[in-house]
Each structure stands twice: as C-alpha cells, then as structure tokens.
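Undergrad:
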Amino acid sequence: MSEAARILALAHKDARGIARDRFLLWIALYPLVLVALLRLVLPWIPVEGMALYLTPVSAILAPSLVGILLGFSLIEEHEQKTWQLLRVLPLRERTLWGYLLGGAYVLALALSLACSALYGRAPTAPSRFLLMTATAALVAPALAVLLAAVARDKIQGLALGKILSAPSTAPLLAFFVPAAWHPLLAWSPWYGIYAGLLESFASPGQLASLGCPLRIPAPAWVVLAVPVGACGLTIFLSLRALRRRVG
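Quick look at the structure:
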C-alpha cells in the first residue's frame, strides 16, 4: 500500500470516529447551523450595519471550532492510550504530522468558505477575502496541537479552549473601548483578520458612514504577520511537546 493510500485510510478512520461521536459531530456542524440561523434572523434586527458587521463571523467561526474538534480528538486518543500506535504506523513522522496539520487547515478553510457562501454576501474584494480567510484557517491546526499538547483530558481541554477563545473577542471590544486602546487589541490575531475581512466586504467610505471604529494600524503585511507568526510559533512549540510525549 502506498503512503497516499495509507493517508486516505487514516482520514477515513478519523472521519468515521468523528461521525460516531455526537459531541464532535455537533462541533463540526455548528458553524453551518449558526450561520444559517444568522441569515434567517438578521432581517428582523433593525440595527444599521449589523448584517455587514457579522459578515466576517461567517468566515472566522469555523477555524476555532475545527481546532477544538481535532484537539479533542487527539486528547481522546491520549486518554485511550492509543498514541503509542503512532510509533508503529507505516508512515513517516513528518508525513503523519503534515496530515494532521494539513487536514485541520483544509477542513477549516473549506468550512469557512461554505459558511461564507451560506451567509450569502459576496465580497467586494475577493482576493483580499480569500487571503484573510486562508490566514484565519491557520488557527485550526495551531489550536488543535496546542490543546493536545497541554490538556491531559477533555475537561482540561474544555477549560483551555475557553481560555484560548478570549482573544477572539478583540473585534467585539473594539466597538466599545476608546480608539486609543485599539493598538493593544491589534495584538490579537482576530483583530486584524476581522478588520481585513470587513474591508473585503465594504468600502472604506461605507464603513466610515456607519461609524465603524475598527482601524488597521499598520500595512496589510504587518497585520498578517501577527496571526501567521502567532499560529506558526504555537504549532512549532506544541509539536515539539507532542513529539516528546508520543516518543
């Protein structure tokens, strides 16, 4: 059996495990369900700009949930003492970790695009939308390996997941705190991602007319460096910890 066939077999096994676990399956479907509900409810909310402000949520909701989903799956394997099987799998170690990280990224990106399509608002700057969505998807593999490296069981994983979700509130806080505090919020990866996604759906003039408080305080590549750097460092350090635990 080729290595590609073994990867497909492993992917089938993982998909079947998620499908059999109602909790994990619900987490996987939750972004689509929530976006569908938002689309139904928003026309009944008489708040100017609300539909626009919630548009980025359709793209950034999935990565965090996918990261938690796959992180819990890895935690469960640790609880069941099946991680030792990684030593004898007929796959190179780099291939295995590449499969785990790549699978999380691809699943998060696919779900984000599906949620955005379901939300039904076309971006005015498609290339910027794709760039920011692709950047947001990096959160999924980073969160998955971080949960697996730190949490010893699902209870710890659930608590850690709540703690790690705190930076995602930065875009929301930007609507309530003074503009002088926004440079501090910009250190959250979600601030730049949210602002970039928002600008891909609306022109600066439209945002100014709504009184949008969000501002990107640096060139686009600097804003992207925050989430890319944070996710890259998290993946690097978490993988080192996981490899020591498995080995």
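For the sequence shown, our numbering begins at 68 and goes up steadily by one. All C-beta atoms, glycine included, are put in the ideal place defined by N, C-alpha and C.
Could you round the C-beta distance between Leu105 and Tyr186 to whole angstroms and report it? I think they count as a contact, below 8 Å.
TA: To locate residue 105, count along the sequence shown from 1; it is residue 38. To locate residue 186, count along the sequence shown from 1; it is residue 119. With a Cβ gap of about 7 Å, Leu105 and Tyr186 count as contacting.
Undergrad: Under the three-state reduction of DSSP, which class applies to Phe139: helix, strand or coil?
TA: The sequence position of residue 139 within the sequence shown is 72, counting from 1. Looking at Phe139 - three-state DSSP - the assignment turns out to be helix.
Undergrad: Report the three-state DSSP secondary structure of Glu115 (helix, strand or coil).
TA: Counting from 1 along the sequence shown, the entry for residue 115 is found at position 48. Of the three classes helix, strand and coil, the one that applies to Glu115 here is coil, per DSSP.
Undergrad: Can you tell me whether Pro245 is helix, strand or coil according to DSSP?
TA: If you number the sequence shown from 1, residue 245 lands on position 178. It is coil, neither helix nor strand.
Undergrad: Report the rounded CA-to-CA distance for Val102 versus Leu167, giving the unit in angstroms.
TA: Sequence index remark: in the sequence shown, residue 102 carries index 35 (1-based). Sequence index remark: in the sequence shown, residue 167 carries index 100 (1-based). Distance between the alpha carbons of Val102 and Leu167: 26 Å.
Undergrad: Let me check understanding here. Comparing Cα to Cα, which of Ser125, His249, Lys221 lies closest to Ser140?
TA: For the purposes of this step, residue 140 is identified with residue 73 of the sequence shown, where counting begins at 1. Selected option, being the one with the closest Cα: Lys221.
Undergrad: Alpha carbon to alpha carbon, how far is Trp288 from Ala207? Give it in angstroms, no decimals.
TA: On the sequence shown, residue 207 is found 140 positions in, with the first residue counted as 1. On the sequence shown, residue 288 is found 221 positions in, with the first residue counted as 1. If I take the Cα positions, the gap works out to 21 Å.
Undergrad: In whole angstroms, what is the alpha-carbon distance linking Ser194 and Leu281?
TA: Within the sequence shown, the letter at position 127 stands for residue 194. Within the sequence shown, the letter at position 214 stands for residue 281. Cα to Cα, Ser194 sits roughly 21 Å from Leu281.
Undergrad: In whole angstroms, give me the CA-to-CA distance for Cys298 and Leu205.
TA: To locate residue 298, count along the sequence shown from 1; it is residue 231. To locate residue 205, count along the sequence shown from 1; it is residue 138. Near 6 Å, if we compare the C-alpha coordinates of Leu205 and Cys298.
Undergrad: My assumption, with CB atoms under 8 Å, is that Arg188 sits in contact with Phe268. Please give the rounded CB distance.
TA: Looking up residue 188 in the sequence shown gives position 121. Looking up residue 268 in the sequence shown gives position 201. Correct: roughly 6 Å between the Cβ atoms.
Undergrad: Whole-angstrom Cβ separation of Tyr258 and Leu265, contact assumed at under 8 Å?
TA: The residue given as residue 258 occupies position 191 in the sequence shown. The residue given as residue 265 occupies position 198 in the sequence shown. Not a contact, Cβ separation roughly 11 Å.
Undergrad: For Gly224 and Leu214, I'd like the C-alpha separation in whole angstroms.
TA: Your numbering for residue 224 matches position 157 in the sequence shown. Your numbering for residue 214 matches position 147 in the sequence shown. About 6 Å.
Undergrad: Reducing DSSP to helix, strand and coil, say where Gly187 ends up.
TA: Walking along the sequence shown from the start, residue 187 turns up at place 120. In the structure shown, Gly187 sits in coil (DSSP, three-state: anything other than H, G, I, E or B).
Undergrad: Can you look up Pro294 in the DSSP assignment and give me helix, strand or coil?
TA: Counted from its first residue, the sequence shown places residue 294 at position 227. It is helical.
Undergrad: Nearest to Tyr97 by CA position, among Leu75, Pro110, Leu132, is which residue?
TA: On the sequence shown, residue 97 is found 30 positions in, with the first residue counted as 1. The shortest C-alpha separation from Tyr97 is found at Leu132.
Undergrad: Just verifying my parser: in three-state terms, what is the DSSP assignment at Arg219?
TA: The residue labelled residue 219 in the question sits at position 152 within the sequence shown. In the structure shown, Arg219 sits in coil (DSSP, three-state: anything other than H, G, I, E or B).
Undergrad: Where does the unbroken alpha helix (DSSP H) through Ser267 begin, and where does it stop?
TA: The sequence position of residue 267 within the sequence shown is 200, counting from 1. It spans 256-268 - the alpha helix (DSSP H) in which Ser267 sits, taken as one unbroken run.
Undergrad: Just to confirm before moving on: does the CB-CB distance between Gly138 and Ala241 stay below 7 Å?
TA: Working through the sequence shown from its first residue, we reach residue 138 at position 71. Working through the sequence shown from its first residue, we reach residue 241 at position 174. Not in contact: Gly138 and Ala241 (Cβ atoms no closer than 7 Å).
Undergrad: How is Cys279 classed by DSSP in three states: helix, strand or coil?
TA: Within the sequence shown, the letter at position 212 stands for residue 279. Three-state result, Cys279: coil.
Undergrad: With DSSP as the reference, label Ala103 as helix, strand or coil.
TA: Against the sequence shown, residue 103 aligns to sequence position 36. In the structure shown, Ala103 sits in a helix (DSSP, three-state: H, G or I).
Undergrad: Under DSSP, the alpha helix (DSSP H) around Pro193 begins and ends at which residues?
TA: For this step, residue 193 is matched to residue 126 along the sequence shown. It spans 193-203 - the alpha helix (DSSP H) in which Pro193 sits, taken as one unbroken run.
Undergrad: Could you check the C-alpha separation between Ser276 and Ala82 for me, to the nearest Å?
TA: Stepping through the sequence shown from its first residue, residue 276 is reached at position 209. Stepping through the sequence shown from its first residue, residue 82 is reached at position 15. Rounded to whole angstroms, Ser276 to Ala82 spans 46 Å at the Cα level.
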